[in-house]
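As they're listed, the protein sequences go chains A and B.
For any residue, its number in our numbering is found by taking its place in the first sequence, counting from 1, and adding 166.
For any residue, its number in our numbering is found by taking its place in the second sequence, counting from 1, and adding 2.
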Amino acid sequence: MDAVVVRDLVVERGRRRVLHGLGFSVPPGQVTGLLGPSGSGKSTLMRALVGVQRVRSGEVTVLGEPAGSPGLRRRVGYVTQAPSVYADLTVRENARYFAALYGRGAREADAAVADVGLADAAHQLVDDLSGGQRGRASLACALVGEPELLVLDEPTVGLDPVLRAELWARFAALAAAGTTLVVSSHVMDEAGRCDRLLLLRDGDLLADTTPARLRADGGSPDLEEAFLTLVRASEGVPA
Amino acid sequence: MTAATAGRVLRQLRHDPRTIAMMLLVPSLLLGLLYLLWEDLPTPPGQVAVFDRVGLTMLGIFPFVVMFLVTSIAMLRERTSGTLERLLTTPLSRPSLLLGYGTAFGLAAALQAVVTVAVATTLYDLSVAGSLVLVVLIAVVDAILGVALGLLASAFARSEFQAVQFMPVIVLPQFFLCGLLAPREQMAGWLQAVSDVLPLTYAVDALQEVGRSSEPTGRMWLDLAVVAGAAVLALALAAGTLRRRTS
Numbered sequence: 167m168d169a170v171v172v173r174d175l176v177v178e179r180g181r182r183r184v185l186h187g188l189g190f191s192v193p194p195g196q197v198t199g200l201l202g203p204s205g206s207g208k209s210t211l212m213r214a215l216v217g218v219q220r221v222r223s224g225e226v227t228v229l230g231e232p233a234g235s236p237g238l239r240r241r242v243g244y245v246t247q248a249p250s251v252y253a254d255l256t257v258r259e260n261a262r263y264f265a266a267l268y269g270r271g272a273r274e275a276d277a278a279v280a281d282v283g284l285a286d287a288a289h290q291l292v293d294d295l296s297g298g299q300r301g302r303a304s305l306a307c308a309l310v311g312e313p314e315l316l317v318l319d320e321p322t323v324g325l326d327p328v329l330r331a332e333l334w335a336r337f338a339a340l341a342a343a344g345t346t347l348v349v350s351s352h353v354m355d356e357a358g359r360c361d362r363l364l365l366l367r368d369g370d371l372l373a374d375t376t377p378a379r380l381r382a383d384g385g386s387p388d389l390e391e392a393f394l395t396l397v398r399a400s401e402g403v404p405a
Numbered sequence: 003m004t005a006a007t008a009g010r011v012l013r014q015l016r017h018d019p020r021t022i023a024m025m026l027l028v029p030s031l032l033l034g035l036l037y038l039l040w041e042d043l044p045t046p047p048g049q050v051a052v053f054d055r056v057g058l059t060m061l062g063i064f065p066f067v068v069m070f071l072v073t074s075i076a077m078l079r080e081r082t083s084g085t086l087e088r089l090l091t092t093p094l095s096r097p098s099l100l101l102g103y104g105t106a107f108g109l110a111a112a113l114q115a116v117v118t119v120a121v122a123t124t125l126y127d128l129s130v131a132g133s134l135v136l137v138v139l140i141a142v143v144d145a146i147l148g149v150a151l152g153l154l155a156s157a158f159a160r161s162e163f164q165a166v167q168f169m170p171v172i173v174l175p176q177f178f179l180c181g182l183l184a185p186r187e188q189m190a191g192w193l194q195a196v197s198d199v200l201p202l203t204y205a206v207d208a209l210q211e212v213g214r215s216s217e218p219t220g221r222m223w224l225d226l227a228v229v230a231g232a233a234v235l236a237l238a239l240a241a242g243t244l245r246r247r248t249s
């Protein structure tokens, strides 16, 4: 069974239509990348998956239940683009609070903090951390619930290449252990690390593909180049 | 989860020692100012000294005002930092979140009330006929009312600027009409009617009852029940304003 099934999803914010009838499904136990330029509707789509986005029409089914169902709140983890942790608490206090909400203990909280490489900063106030560390603290607060589906909005922004590689390795390990991940990014070089790719542009799904297929369809080993080719083709502009 | 949330809010407070110090000491210092203001004022025979009347009332008003402000800012920060949206995707229920806030700031208010009552009755010779435990209890219920109204008001504030301005809007009319500045019997009929539906009126009346009689009166319990009921109502309304889905 697919972890996420989206049918004819239409979202409007104010008078603007942000998502124009999207449809796709996400297989379980894989890393699905949501890629597209900023403003393409990635965050809105992720908010719809976790059930905090008011939708105009369409269906979003997550782990067999309508998105946002009370039963899903234990099974789905969500990390917003801006780190949403308490700046006036330490990393460990943040992780322990979210652990308590998911019915986990202090040991799981400390393990999640160590998992994102913040063991040494566990006693620091989030306010005193660098931007990248804050993002990882925020991630730890989602990992602590050991969710079946992890929805991560641009988790690698502002991270140095080494940390970025570490996090992507961590995502792959989680997927190998059965977790489904939906990860958004606006950097195409991260697309190569995903099992599946959903390419969004202006609220439309441009392609539902894999890195290998994108390279083949776009006629380039470079994913960014291949993506551009696809965009031009969709707009009727000769490549 | 209510306990976890209350613990988290208190832990946030603990990392902010200046706020704790102000919360605990400012009411006592302000009360001291009132004490000095009226120290030499003669009291007509058969009447309650001004400081005994006003000072006692202030013991209920301080926690209400302080907790209103602190809560509305805290909740606004939850909204703007994205933590609220995140909390709404976790198993934490909305009532648990609000009760967590109520519990945390209620405890802080209890501590504040103990300090202020102790200082007022020793340093400033505030005389209260009834039990000081009741004064603290009323102060805590007032604080919870402040928390509840603060949570509700924060739903209508888009920025910190707006949030702090809700304080005069929500608090001052209740203060003007509670019977402290002018006896309620002497107000115009319609003002009295407005005063009748404002919860702070009952908080002040409850404190006056404790000030007057050595044993708790039925009227005091009724007053307290009204304040508590208003707090529950405000919490319920605040829960209604917490939308899981936003556009």
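Positions of the beta carbon are idealized from the N, C-alpha and C atoms, including for glycine.
Checklist entry - Listed in chain order, which residues of the region 65-99 of chain B have Cβ atoms closer than 8 Å to some Cβ of chain A? => result Those residues of the region 65-99 of chain B that come within reach of chain A (Cβ to Cβ, closer than 8 Å) are SER83, GLY84, THR85, GLU87, ARG88, LEU89, LEU90, THR91, THR92, PRO93, LEU94.
Next on the checklist: For B:MET25 and B:GLN114, which I take to be in contact (beta-carbon distance under 8 Å), what is that distance rounded to the nearest angstrom?
Outcome noted: Within the second sequence, the letter at position 23 stands for residue 25 of chain B. Within the second sequence, the letter at position 112 stands for residue 114 of chain B. Between the beta-carbon of B:MET25 and that of B:GLN114 there is about 6 Å, and that keeps the pair under the 8 Å contact cut.
Next on the checklist: Less than 7 Å between CB atoms is the rule here; does B:SER249 satisfy it with respect to chain A?
Outcome noted: As a working note, residue 249 of chain B is residue 247 in the second sequence. Against chain A, the CB of B:SER249 has a partner CB under 7 Å away; the residue lies at that interface.
Checklist entry - In three-state terms, what does DSSP make of A:ALA373? => result As a working note, residue 373 of chain A is residue 207 in the first sequence. Note: A:ALA373 maps to strand in three-state DSSP.
Next on the checklist: Quick check: B:ALA141 and B:LEU61, are their CB atoms within less than 7 Å of each other?
Outcome noted: Working through the second sequence from its first residue, we reach residue 141 of chain B at position 139. Working through the second sequence from its first residue, we reach residue 61 of chain B at position 59. A contact, by the Cβ cut-off of 7 Å.
Checklist entry - Between B:VAL166 and B:LEU32, what straight-line distance do the alpha-carbon atoms span, to the nearest angstrom? => result In the second sequence, the residue the question calls residue 166 of chain B occupies position 164. In the second sequence, the residue the question calls residue 32 of chain B occupies position 30. Going by the C-alpha atoms only, they are around 20 Å apart.
Item to check | Residues, ordered as in the chain, of the region 173-188 of chain B that lie near chain A by beta-carbon distance below 7 Å | outcome: Answer set for the region 173-188 of chain B: empty.
Checklist entry - For the beta strand (DSSP E) that contains A:GLY224, what are its first and last residues? => result Your numbering for residue 224 of chain A matches position 58 in the first sequence. Where A:GLY224 is concerned, the enclosing beta strand (DSSP E) starts and stops at 223-228.
Next on the checklist: Below 8 Å on C-beta distance, what does A:GLY217 contact in chain B?
Outcome noted: Walking along the first sequence from the start, residue 217 of chain A turns up at place 51. Simply THR91, ARG246, ARG247.
Checklist entry - Contact check, A:VAL170 vs A:VAL348 under 8 Å by CB: the rounded distance? => result Position 4 of the first sequence, counting from 1, holds the residue named residue 170 of chain A. Position 182 of the first sequence, counting from 1, holds the residue named residue 348 of chain A. Between A:VAL170 and A:VAL348 the beta-carbon gap is near 7 Å, inside 8 Å, which marks them as a contact.
Checklist entry - Can you tell which of A:ARG336, A:SER350, A:ALA303, A:ARG367 has the C-alpha that lies nearest to the C-alpha of A:ARG258? => result Counting from 1 along the first sequence, the entry for residue 258 of chain A is found at position 92. Among A:ARG336, A:SER350, A:ALA303, A:ARG367, the Cα nearest to that of A:ARG258 belongs to A:ALA303.
Item to check | Run of the alpha helix (DSSP H) containing B:ASP144, from where it starts to where it stops | outcome: The residue given as residue 144 of chain B occupies position 142 in the second sequence. Where B:ASP144 is concerned, the enclosing alpha helix (DSSP H) starts and stops at 134-156.
Checklist entry - How would you list, in chain order, the residues of chain B whose beta-carbon sits under 8 Å from the beta-carbon of A:SER250? => result Taking the first residue of the first sequence as 1, we reach residue 250 of chain A at position 84. Within chain B, the residues SER83, GLY84, THR85, GLU87, ARG88 have their CB atoms less than 8 Å from the CB of A:SER250, given in chain order.
Checklist entry - What are the complete alpha helix (DSSP H) segments, minimum 4 residues, inside the region 173-231 of chain A? => result With a minimum length of 4 residues, the continuous alpha helix (DSSP H) runs that stay inside the region 173-231 of chain A are 208-216.
Checklist entry - What are the start and end residues of the beta strand (DSSP E) that includes A:VAL242? => result Position 76 of the first sequence holds residue 242 of chain A. Looking at the DSSP string, the run of the beta strand (DSSP E) that includes A:VAL242 is 242-245.
Next on the checklist: Can you tell me where the beta strand (DSSP E) holding A:VAL348 begins and where it ends?
Outcome noted: By 1-based counting over the first sequence, the position of residue 348 of chain A is 182. Run containing A:VAL348: 346-351, per the beta strand (DSSP E) assignment.
Next on the checklist: Contact criterion: CB-CB distance below 7 Å. Does B:GLN210 meet it with respect to chain A?
Outcome noted: Within the second sequence, residue 210 of chain B is the residue found at index 208, counting from 1. Interface criterion not met: the Cβ of B:GLN210 is under 7 Å from no Cβ in chain A.
Checklist entry - Cα-Cα, which of A:ARG270, A:ARG220, A:VAL251, A:ARG240 is closest to A:ASP294? => result Counting from 1 along the first sequence, the entry for residue 294 of chain A is found at position 128. Checking every option, the nearest Cα to that of A:ASP294 belongs to A:VAL251.
Checklist entry - Quick one, are the C-beta atoms of A:VAL172 and A:VAL226 less than 7 Å apart? => result The residue labelled residue 172 of chain A in the question sits at position 6 within the first sequence. The residue labelled residue 226 of chain A in the question sits at position 60 within the first sequence. Yes. Within cutoff.
Item to check | Boundaries (first-last residue) of the alpha helix (DSSP H) holding B:VAL234 | outcome: Position 232 of the second sequence, counted from the start, is the residue given in the question as residue 234 of chain B. For B:VAL234, the enclosing alpha helix (DSSP H) starts and ends at 220-243.
Item to check | Contact list for A:ARG220 against chain B, beta-carbon separation under 7 Å | outcome: Here residue 220 of chain A is taken as the residue at index 54 of the first sequence, counted from 1. Chain B residues near A:ARG220: ARG247, THR248, SER249.
Item to check | Member of B:SER197, B:ARG81, B:GLU211 whose CA lies at the smallest distance from the CA of B:MET222 | outcome: Within the second sequence, residue 222 of chain B is the residue found at index 220, counting from 1. Here the closest residue by C-alpha is B:GLU211.
Checklist entry - Nearest chain B C-beta to A:ARG479 closer than 7 Å, yes or no? => result As displayed, chain A neither begins before 167 nor continues past 405, which places residue 479 of chain A out of reach and without an answer.
Item to check | Residues that A:THR256 bridges to, as DSSP identifies them | outcome: As a first step, residue 256 of chain A must be located in the first sequence, where it is residue number 90. DSSP, once it has assigned bridges, lists A:LEU291 as partnering A:THR256.
Checklist entry - Run through DSSP, which three-state label would A:ALA405 get? => result Counted from its first residue, the first sequence places residue 405 of chain A at position 239. Low per-residue confidence applies at A:ALA405: pLDDT is 48, beneath 50, and the placement is therefore not dependable, though the value from the model is reported in the following sentence. Reduced to three states, the DSSP call for A:ALA405 is coil.
Checklist entry - Taking just the CA atoms, how far does A:ALA378 sit from A:ALA405? => result Position 239 of the first sequence, counted from the start, is the residue given in the question as residue 405 of chain A. Position 212 of the first sequence, counted from the start, is the residue given in the question as residue 378 of chain A. Annotation note: pLDDT 48 at A:ALA405 (below 50); position unreliable, coordinate value reported separately. Between A:ALA405 and A:ALA378, the C-alpha separation is close to 20 Å.
Checklist entry - Helix, strand or coil: how does DSSP classify A:ARG367 here? => result For this step, residue 367 of chain A is matched to residue 201 along the first sequence. Assigned with DSSP and collapsed to three states, A:ARG367 falls in strand.
Checklist entry - In whole angstroms, what separates the C-alpha of B:VAL137 from that of B:LEU209? => result Against the second sequence, residue 137 of chain B aligns to sequence position 135. Against the second sequence, residue 209 of chain B aligns to sequence position 207. So the alpha carbons of these two residues sit roughly 7 Å apart.
Checklist entry - Taking Cβ-Cβ distances shorter than 9 Å, what residues in chain B pair up with A:ARG240? => result Counted from its first residue, the first sequence places residue 240 of chain A at position 74. Chain B residues near A:ARG240: THR92, PRO93.
Checklist entry - Any idea if A:MET167 is buried or exposed, counting beta-carbon neighbours within 10 angstroms, 16 or more meaning buried? => result The residue you call residue 167 of chain A lines up with position 1 of the first sequence. When all chains shown are included, A:MET167 counts as exposed.
Next on the checklist: Give me the residue from B:PRO65, B:ARG88, B:VAL135, B:TYR126 with the minimum Cα distance to A:GLY234.
Outcome noted: What you label residue 234 of chain A is simply residue 68 of the first sequence in a count that begins at 1. Closest in alpha carbon position to A:GLY234, among B:PRO65, B:ARG88, B:VAL135, B:TYR126, is B:ARG88.
Checklist entry - For chain A, is any of its Cβ atoms less than 7 Å away from the one on B:ALA6? => result Locating residue 6 of chain B in the second sequence gives position 4, where the first residue counts as 1. Yes, B:ALA6 lies at the interface with chain A (some Cβ there is under 7 Å from its Cβ).
Checklist entry - Buried or exposed: A:GLY402, going by 16 or more other Cβ atoms within 10 Å of its Cβ? => result By one-based count along the first sequence, residue 402 of chain A stands at place 236. In the assembly as shown, A:GLY402 is an exposed residue. Its beta-carbon has fewer than 16 other beta-carbons within 10 Å.
Next on the checklist: My assumption, with CB atoms under 8 Å, is that B:TYR103 sits in contact with B:THR73. Please give the rounded CB distance.
Outcome noted: Locating residue 103 of chain B in the second sequence gives position 101, counting from the first residue. Locating residue 73 of chain B in the second sequence gives position 71, counting from the first residue. Contact holds; Cβ gap of about 6 Å.
Checklist entry - What three-state label does DSSP hand B:LEU43 in the structure shown? => result Locating residue 43 of chain B in the second sequence gives position 41, where the first residue counts as 1. B:LEU43 falls in the coil class under three-state DSSP.
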